[in-house]
Amino acid sequence: MSLELVIGNKRYSSWSLRAWLVLTLNELAFVERRIDLQDPLYKESLRALTIPAQVPILRHEDLVVFDSLAICEYLAENFALTHGWPQDRRRRAQARSFCAMMHSGYSALRRECPMNVARPPSATPISDDARADIATLEHALGGLLREHGGPFLMGSLGIIDAYHAPLMLRLDRYALSATLSSELRAYMARMLALPAMQAWVEAGCQEAPLVRLER
Ligand SMILES: N[C@@H](CCC(=O)N[C@@H](CS)C(=O)NCC(=O)O)C(=O)O
Numbered sequence: 053m054s055l056e057l058v059i060g061n062k063r064y065s066s067w068s069l070r071a072w073l074v075l076t077l078n079e080l081a082f083v084e085r086r087i088d089l090q091d092p093l094y095k096e097s098l099r100a101l102t103i104p105a106q107v108p109i110l111r112h113e114d115l116v117v118f119d120s121l122a123i124c125e126y127l128a129e130n131f132a133l134t135h136g137w138p139q140d141r142r143r144r145a146q147a148r149s150f151c152a153m154m155h156s157g158y159s160a161l162r163r164e165c166p167m168n169v170a171r172p173p174s175a176t177p178i179s180d181d182a183r184a185d186i187a188t189l190e191h192a193l194g195g196l197l198r199e200h201g202g203p204f205l206m207g208s209l210g211i212i213d214a215y216h217a218p219l220m221l222r223l224d225r226y227a228l229s230a231t232l233s234s235e236l237r238a239y240m241a242r243m244l245a246l247p248a249m250q251a252w253v254e255a256g257c258q259e260a261p262l263v264r265l266e267r
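In structure tokens form, the structure reads like this:
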């Protein structure tokens, strides 16, 4: 069986985007199966596949891998990725640390500014906690760009960039980039200009909005 990636609505599903980007940037052939998170039966379909009943889910042969980070690790371990983890052991550890930090962090920013690729860029009030998340993001990603000299977080494009891509979309769509360093603003523009990102955004804009998720 070939690779199949189960994703949510491209308009909103930031965790799906991360896994989808890693597959797409690495030009791995995969079947995309989209589950509409508006469908009253979506949870049932997901529960039939995995215990957390969330997207993304990767299916490969008889294996079902869930959680975006586990999917990235599975792909890196089983496929020769051009855009995976850094070759160097120390850089790889660093990239994994920042991905893990993203996976469990930036919660105020993520809660208050849910990804919506179709949102016309405009400002919205955010809490001090979300502002603190943006400052942490600047410290973390701005630091990596300066340390490795860009143009991507670890130098060349990899899993860590896919992992932070939805945050770049949020910074853009909620007009939150004014306080960022020039390095991070340029990085944000570079990420949003990737053909794979543009393809995802275009598809997300074609999808019907979910009233309960629009902000
Ligand atoms: N930690 C998980 C988070 C997955 C997640 O929250 N997915 C959302 C979509 S972006 C979802 O499935 N939402 C529907 C639900 O929870 O019922 C990962 O990294 O994959």
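Residue numbers (my numbering): 53 to 267. The C-beta atom is built at its ideal place from N, Cα and C for all residues, glycine as well. Keep in mind that this is a model prediction, so the values were computed, not measured.
Inset, instruction - Determine the DSSP secondary structure at Glu84, reduced to helix, strand or coil. - result: strand
Legend entry - Pair within 7 Å by beta-carbon distance, Ala70 and Ala187: A small correction: the amino acid at residue 70 is Arg; Ala does not occupy that position in the sequence shown. Not closer than 7 Å, so no.
Inset, instruction - Give every residue of the same chain whose Cβ lies closer than 6 Å to the Cβ of Ser68, excluding the five residues on either side of it in the sequence, and list them in chain order. - result: Ile59, Gly60, Val107, Pro108
Inset, instruction - Any chance you could list the residues with Cβ under 5 Å from a heavy atom of ligand 1, keeping chain order? - result: Gly60, Ser65, Trp67, Gln106, Val107, Asp119, Ser120
Legend entry - Runs of alpha helix (DSSP H) wholly within the region 156 to 218 (minimum 4 residues, chain order): 159 to 164, 180 to 189, 195 to 200
Inset, instruction - Answer yes if the region 210 to 224 comes into contact with the region 163 to 171, meaning at least three C-beta pairs across the two stretches below 8 Å, and no otherwise. - result: yes
Legend entry - Where Arg143 falls: helix, strand or coil (DSSP): helix
Legend entry - Bridge partners - Phe118, DSSP secondary structure assignment: Ile109
Inset, instruction - Let me know the secondary structure DSSP gives Ile59 once reduced to three states. - result: strand
Inset, instruction - Drop a sphere of 10 angstroms on the beta-carbon of Val117, count the other beta-carbons inside from all chains shown, and report buried for 16 or more, exposed for fewer. - result: buried
Legend entry - At least three beta-carbon pairs within less than 8 Å, the region 231 to 245 to the region 191 to 198: With contact defined as three or more Cβ pairs closer than 8 Å, the region 231 to 245 and the region 191 to 198 are in contact.
Inset, instruction - Would you tell me roughly how many angstroms separate the C-alpha atoms of Gly136 and Pro172, rounded to the nearest one? - result: 31 Å
Inset, instruction - Report yes or no: do three or more beta-carbon pairs, one from the region 139 to 154 and one from the region 90 to 101, lie closer than 8 Å? - result: Contact between the region 139 to 154 and the region 90 to 101 is absent, because fewer than three Cβ pairs lie under 8 Å.
Inset, instruction - Could you please give the first and the last residue of the uninterrupted alpha helix (DSSP H) stretch that includes Trp137? - result: Neither: Trp137 is in no alpha helix (DSSP H) and is coded neither H nor E.
Legend entry - Assigned secondary structure, Glu247 (DSSP; H/G/I helix, E/B strand, else coil): It should be noted that the sequence gives Pro, not Glu, for residue 247. Correct three-state label for Pro247: helix.
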